[in-house]
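Visitor: Take this structure first; my questions come after.
Protein chains in written order, with my numbering: chain A, 404 to 534; chain B, 404 to 534; chain C, 404 to 534; chain D, 404 to 534.
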């Protein structure tokens with residue numbers, strides 16, 4: 404349940420930790436993810452945040468999908484940056500959940516926020532006895 | 404100005420058309436974009452929508468970036484699907500713009516909406532005379 | 404089904420038209436809705452947009468509620484402005500719907516957009532035969 | 404700077420506390436805010452959250468406005484409920500800020516979340532020396 408899916412693995416996304424309602428994932432910004440100015444395409448930052456969100460909302464057991472998400476791009480990420488996405492559950496109600504994800508990168512001056520993401524999850528099925 | 408960036412090209416995203424405030428881009432869902440159930444990772448759907456948005460908001464000339472975006476996942480996209488993202492300007496004010504992007508896929512029954520995306524753009528510089 | 408609710412009536416909101424998936428509502432900006440600079444509190448602009456959204460998404464019959472909404476404030480509304488909110492269905496899927504609402508005001512130079520709103524609806528019950 | 408504006412006062416909104424980047428406001432759900440089923444119009448819940456957001460983002464000094472906001476309605480609020488909105492700064496960058504606001508109501512079983520709100524602020528002017 405806590406594995407990062409194949410699509411995320413192909414981008415080099417690693418799951419660093421995961422516990423109930425929480426997950427941390429990281430990804431290095433590769434050549435294929437940047438434009439001519441070495442700035443990462445925002446879509447890859449979204450992908451990283453979305454992966455951390457998926458791991459966090461599925462950490463409770465029932466199969467849960469992303470229903471919607473909002474992302475605000477705070478600062479540019481550049482080729483070679485190691486991005487870390489930290490997802491935390493904000494609230495759950497019925498089959499729905501809200502998760503906040505902050506993506507940051509390390510700099511000499513400390514951690515800098517790259518993006519803020521809010522994901523809306525929905526439980527789609529209850530797993531059976533065999534899981 | 405209307406070229407899809409390298410990061411998008413690497414995913415096989417093609418720009419089908421672009422005019423002032425409008426753009427259409429398409430992408431086939433590849434093996435590397437799906438999970439074990441052949442469902443596309445939502446992040447790739449976002450990437451396609453975000454690319455169409457970027458082409459539309461940059462079609463006016465000044466260099467414009469994505470400041471924020473919201474996406475609602477309407478239906479699952481599957482391996483082999485050809486996804487088409489259509490971006491249209493909704494309004495502009497000052498250096499800001501709002502663009503709506505619909506992502507759909509073709510089915511035997513017609514076009515089916517896969518995702519609805521709203522992008523918020525911001526002009527970051529005015530190109531110079533040679534720009 | 405098409406009546407504006409009591410809470411909206413108390414603000415002077417009028418429903419101008421409503422048809423399947425679409426609604427237009429209007430409201431004058433009153434003294435009680437503005438701050439010391441005669442600028443309308445954004446919450447009242449939201450209330451107007453939300454009312455048009457509710458009328459549009461309930462126009463299909465089944466009782467439908469607002470599950471979520473995003474609003475972007477484009478320009479300030481002032482005391483005495485007549486605001487008009489136009490809601491249109493963007494897509495529906497299962498029990499869910501997405502509606503876009505534009506709020507504008509009339510000026511001597513023509514209509515000016517005050518806010519863009521996107522509402523997410525959810526059907527909560529099917530009305531019975533008498534419903 | 405920390406005063407709730409007139410428009411909010413007219414609804415009975417009180418500012419409970421405010422410090423740098425944080426604010427708490429409360430409002431009782433009145434007869435004029437509910438529909439025929441005694442359920443509060445979501446717009447009033449938005450107004451309360453938006454007021455707490457405005458107090459939090461203006462607590463730093465420079466005049467700051469709401470540029471955009473998203474709200475998710477988690478549970479219905481009813482006539483007579485005392486709603487409490489707690490706003491906290493999430494991040495700031497340049498002239499922009501992101502604030503998260505949770506609205507809850509007290510029940511016999513404890514606090515229940517009514518809505519989650521995320522506000523996007525923008526500094527519009529720097530106050531002068533007399534500021």
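We put the beta carbon where it would ideally sit given N, CA and C, even for glycine.
Is the beta carbon of residue 455(D) closer than 8 Å to that of residue 490(D)?
Guide: For residue 490(D) and residue 455(D), yes; Cβs fall inside 8 Å.
Visitor: Whose Cβ in chain D lies nearer than 7 Å to the Cβ of residue 477(A)?
Guide: Within chain D, the residues near residue 477(A) are 494, 496.
Visitor: Can a CB atom of chain B be found closer than 8 Å to the CB of residue 463(C)?
Guide: It does not; no Cβ of chain B falls within 8 Å.
Visitor: Going straight from the alpha carbon of residue 423(A) to that of residue 419(B), what length do you get?
Guide: Distance between the alpha carbons of residue 423(A) and residue 419(B) is about 44 Å.
Visitor: Hey, quick one: how far does the alpha helix (DSSP H) through residue 414(C) stretch, first residue to last?
Guide: Careful: residue 414(C) lies outside any alpha helix (DSSP H) and carries neither H nor E.
Visitor: Grouping DSSP H, G and I as helix and E and B as strand, with all else coil, what is residue 432(B)?
Guide: Correct three-state label for residue 432(B): coil.
Visitor: For the beta strand (DSSP E) holding residue 408(B), just list the boundary residues, first then last.
Guide: That residue, residue 408(B), is in no beta strand (DSSP E); it is neither H nor E in DSSP.
Visitor: Does the segment 424-443 of chain C come close enough to the segment 466-473 of chain C that 3 or more CB-CB pairs lie under 8 Å?
Guide: Touching, no, given that fewer than three Cβ pairs across the two stretches are closer than 8 Å.
Visitor: Counting only runs of 3+ residues fully inside the segment 473-509 of chain D, write out the beta strand (DSSP E) ranges in chain order.
Guide: Taking only runs of at least 3 residues, the beta strand (DSSP E) segments lying wholly in the segment 473-509 of chain D are 485-496.
Visitor: So for residue 513(B), helix, strand or coil by DSSP?
Guide: DSSP places residue 513(B) in strand when its eight states are reduced to three.
Visitor: Can you tell me where the alpha helix (DSSP H) with residue 445(A) in it begins and where it stops?
Guide: Start and end: 445-460.
Visitor: Determine the burial state of residue 492(A): buried for a count of at least 16 other Cβ atoms within 10 Å of its Cβ, exposed for fewer.
Guide: Classification of residue 492(A): buried, given that the 10 Å Cβ count is 16 or more.
Visitor: Any idea which residues DSSP pairs residue 522(D) with across the strands?
Guide: Answer is 472(D), 502(D).
Visitor: Using only alpha-carbon positions, find the residue among 518(A), 519(A), 521(A), 407(A) that is nearest to residue 462(A).
Guide: For residue 462(A), the nearest C-alpha among the options comes from 407(A).
Visitor: CB-CB under 6 Å to residue 484(D), same chain, minus the five flanking residues each way: which ones, in chain order?
Guide: Here the set comprises 432, 508.
Visitor: Determine the contact status of residue 517(A) and residue 459(A), defining contact as a CB-CB distance below 8 Å.
Guide: Taking 8 Å as the Cβ cut-off, residue 517(A) and residue 459(A) do not qualify as a contacting pair.
Visitor: Quick test of your reading: residue 445(A) and residue 453(B), contact by CB under 8 Å. State the CB separation rounded to the nearest angstrom.
Guide: Yes, residue 445(A) and residue 453(B) are in contact; Cβ-Cβ is about 6 Å, under 8 Å.
Visitor: According to DSSP, what are the bridge partners of residue 425(C)?
Guide: Answer is 422(C), 491(C).
Visitor: May I have the straight-line CA-CA distance separating residue 434(B) from residue 527(B), to the nearest angstrom?
Guide: The alpha-carbon atoms of residue 434(B) and residue 527(B) are separated by roughly 36 Å.
Visitor: Under 7 Å between beta-carbons, which chain A residues line up against residue 487(D)? List them in chain order, please.
Guide: Here the premise fails: no neighbours, minimum Cβ distance about 15 Å.
Visitor: Determine, for residue 521(C), whether the minimum Cβ-Cβ distance to residues of chain B falls below 8 Å.
Guide: Residue 521(C) counts as touching chain B.
Visitor: Report the neighbours of residue 436(A) on chain B: residues whose CB is nearer than 7 Å to its CB, in chain order.
Guide: Those within 7 Å of residue 436(A) in chain B are 410.
Visitor: Starting from the beta carbon of residue 453(A), find every residue of chain B whose beta carbon is closer than 8 Å, and list them in chain order.
Guide: In chain order: 444, 445, 446, 449.
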